[in-house]
Amino acid sequence: MKLRHMIWKELWQRPTPMLTSLLAVTLGVTALVAIQNITVFSERKIAGDMESLGANVLVLPPSVTLQDYYGADMHGHTMPEEYVTRLALARLPGVENLAPKLCVEADVDTIPVTLTGILPKSEFQAKASWQGLGMLGNAVGSDRGCCATAADTGEADNDPNSLATTRTIAELGDRDVILGRDLASQLGAKIGDTLPLLGEDFIVLTVLPSTGTIDDGRMFAHLHSVQDLSGAGPVVNVIEIMACCEDAAGGLITNLSAELPETRIVTIAQVVQTQIAVNGLMSRLSWVFLSILLLVGGASIASVMYANVTERRKEIGTLMAIGASRNFVTQMFLGKAAVLGLAGGAAGFVVGTIVAAVLGPQLLGIHVRPMPMLLGVGMGTATIVAVLASLLPARRAAGLDPCLVFNDA
1 MKLRHMIWKE LWQRPTPMLT SLLAVTLGVT ALVAIQNITV FSERKIAGDM ESLGANVLVL
61 PPSVTLQDYY GADMHGHTMP EEYVTRLALA RLPGVENLAP KLCVEADVDT IPVTLTGILP
121 KSEFQAKASW QGLGMLGNAV GSDRGCCATA ADTGEADNDP NSLATTRTIA ELGDRDVILG
181 RDLASQLGAK IGDTLPLLGE DFIVLTVLPS TGTIDDGRMF AHLHSVQDLS GAGPVVNVIE
241 IMACCEDAAG GLITNLSAEL PETRIVTIAQ VVQTQIAVNG LMSRLSWVFL SILLLVGGAS
301 IASVMYANVT ERRKEIGTLM AIGASRNFVT QMFLGKAAVL GLAGGAAGFV VGTIVAAVLG
361 PQLLGIHVRP MPMLLGVGMG TATIVAVLAS LLPARRAAGL DPCLVFNDA
C-alpha cells in the first residue's frame, strides 16, 4: 500500500481528533490573515486619504476623538455655526480656507443616504462683515502671508466638480444637490434629475468623479438648506481648515485653540501618527494571536499523535513486521501532520479573508481584498508547526519493536 493511501486512510478513519487539531490551526491562521488584511488596507486608506484630503486642520466638538478625522462629520456631535464667523473675523495668519459641514441621514425613494451640508464660496463672499478678509480666495501677496493657491492665482472656476479635489465649491443653489459617484450609480441618477429629499425636490447639479473616499457614497447640498429641512438648526459637525504657509502653521493651532477654546483642534499629523501606531499594534497582535493559537494547535496535534501511537501499537507493529521500514512509519505520521497544516492554513486564509472583508467596511470603512501572499504564509507556518509537533510521536512510533509489541499483546 502506498504512503499517501495510508495517510488518507488514517485521516478518514479517525476524523474527530484530527478535526479538533485542524480547528485550532485554522483559528490561528484566521486571526493572522484577518488582522493583517485590515492593517494593510487601513494603511493604504490613510495614504489615499492624505493625498485627497484638502483640509489639514479640523475644528471639532470637544467630545470627538482622533478616530473621527477622515469621517469628521459622521460622529453625530454638533457645535454652533457661529464659530465659522468667529474664525473668519479673527483673520488668523495661515487660514487659507474654511469649509463648515453638517452631516444628516436622509432617504431618497426609501434608499438611505448620507446628506452633507456644505457652504459654497459665494456664501462667504456675500457676507458684508467678511468683505476684505480674503477668506476663500486671497489676493496674491495679501498681508495674511499665505502661499498662493489655485484660488489666489485666478485658476479656480465655477466647476462644481472642484468639490472632489478642493473640498469647496463656488456656487450651490438652495435646491441643488451633488452626488458622489457610487451613490449616483446606486440611485441611477444623472445630471438634471430630480430627487425627493427631506420633503423637497432637489436637482442633481453634477456627479463627482470617483475619489476612492467616503465622499463617493455621499450627496452634498447647501448647508443652510440641510439645516432648515432637517430641523438641526444653525449647527455644524466640523469646520475644515485648509492651512497654508509652513511658517504660519506652527502657531496656527495655538491661535485656533485660543480663539475657540470650546472646541477640539485636530491636525492631520496627530491622526497619522495615531493611526500608524494603531496599525503597528494590530500587526504585532496578529503575530501574537497566531503564535498562541498555533502553540495550542501544535499541542493538540502532538497529544492526538501520541494517543494515536499508544492506541495503535499493535497495528504499527504488524505494519513493521510485514516489511514497513522505520522511515515509512515516520513519514506516515508526519504526512498526516502536513495535511492538517496545509488544510488548516488554507481554511484559515479563506475564513480570515471573509472576516476582514466583513468587518473592514463596518469598523474602519475600508474595503478589503484577498492577499494571496498571506495564503503562503498561513499554510507554510501551519504546516511547519504541525510537523514539528508530530516529530516526537512519529519517532516514537518508528522506534517500536514488533517483537515487544506482540509480547505485550
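Going by UniProt numbering, the letters in the sequence shown line up with residues 1 to 409, in that order.
By construction, the Cβ of each residue, glycine as well, lies at the ideal position given by its N, Cα and C atoms.
Residue environment, residue i, which counts as buried when at least 16 other CB atoms sit within 10 Å
i, result
"D401", "exposed"
"Q362", "exposed"
"H367", "exposed"
"residue 426", "Because the chain in this structure spans residues 1 to 409, residue 426 falls outside the shown range and cannot be described."
"residue 411", "The structure shown does not extend to residue 411, since the chain is modelled only from 1 to 409, so the question has no answer here."
"S63", "exposed"
"N97", "buried"
"A258", "exposed"
"G399", "exposed"
"N327", "exposed"
"S325", "exposed"
"G360", "buried"
"I316", "buried"
"G154", "With a pLDDT of only 44 at G154, under 50, the local geometry of the prediction cannot be trusted, and the value read off the model is given with reservation. Counting Cβ neighbours within 10 Å, G154 comes out exposed, since fewer than 16 surround it."
"I178", "buried"
"A394", "buried"
"P100", "buried"
"M79", "buried"
"A150", "Residue placement at A150 is poorly supported in this model, since its pLDDT is 41, which falls under 50; the coordinates still yield a value, given next. So A150 ends up on the exposed side."
"D397", "Going by the sequence as given, residue 397 is Ala instead of Asp. Buried: at least 16 other Cβ atoms inside 10 Å."
"V288", "exposed"
"T254", "exposed"
"L87", "buried"
"G335", "buried"
"residue 434", "The question about residue 434 has no answer here: the residues shown for the chain are numbered 1 through 409."
"C403", "exposed"
"L281", "exposed"
"G94", "buried"
"L19", "exposed"
For residue i, the nearest candidate out of the options (CA to CA)
i, options, result
"R91", "I241, E200 and T110", "I241"
"G365", "L187, A382 and A357", "A357"
"G348", "L19, G28, M18 and T16", "G28"
"A338", "T310, P372, G380 and P370", "G380"
"V236", "T16, G297 and P61", "P61"
"R175", "V351, M219, V385 and V304", "M219"
"M371", "T26, E81, Q36 and L19", "Q36"
"residue 413", "G323, V33 and R395", "Examination of residue 413 is not possible in this model, given that the chain is present from 1 through 409 alone."
"F202", "R181, S185 and V108", "V108"
"A307", "G212, L23 and S390", "S390"
"H222", "L260, E123, V288 and L183", "E123"
"L392", "H77, Q331 and K314", "Q331"
"T353", "D193, G188, F41 and V104", "F41"
"G173", "I292, H224 and S210", "H224"
"P234", "R44, G280, E81 and V309", "E81"
"T26", "L388, M320, R312 and I292", "I292"
"S283", "L19, E43 and L388", "E43"
"V377", "L388, Y83, G345 and V387", "G345"
"V387", "R313, F333 and E311", "F333"
7 Å Cβ shell around residue i - same chain, five flanking residues per side excluded
i, result
"A106", "V113, L115, L197 and L198"
"S21", "G297, S300, I301, V304 and L340"
"V355", "T30 and A34"
"P160", "I169, I178, L205 and T206"
Integer-rounded CB distance, given that residue j should sit under 8 Å from residue i
i, j, result
"I118", "I169", "7 Å"
"V238", "V59", "7 Å"
"M320", "V329", "7 Å"
In DSSP terms, what residue i is bridged to
i, result
"N97", "M242"
"I384", "Answer is none; I384 lacks a bridge partner."
"C403", "According to DSSP, which records beta bridges pairwise, C403 is partnered with nothing at all."
"E105", "T114"
"M219", "L115 and L179"
"L58", "E240 and V266"
"I203", "D176 and T194"
"V235", "P80"
Beta-carbon contacts of residue i that lie in its chain and below 8 Å, excluding the five residues immediately before and after
i, result
"I191", "V204, L205, T206 and V207"
"V84", "L98, P100, L119, V236 and I239"
"G76", "N237"
"D182", "S210, D216 and G217"
Residues near residue i by beta carbon distance below 6 Å, same chain, minus five either side
i, result
"L375", "F349"
"I111", "none"
"L342", "M379 and T383"
"L256", "I265"
"V385", "L294 and G298"
"E262", "none"
"Q186", "none"
"G180", "L208, D215, D216, G217 and R218"
"A184", "V207"
"M193", "The residue asked about is misnamed: residue 193 is Asp in this sequence, not Met. Within the same chain, D193 has close Cβ partners V204."
Cutoff 8 Å: residue i Cβ touching any chain B Cβ
i, result
"T30", "As a matter of chain content, chain B is missing from the structure shown, which is built from one protein chain."
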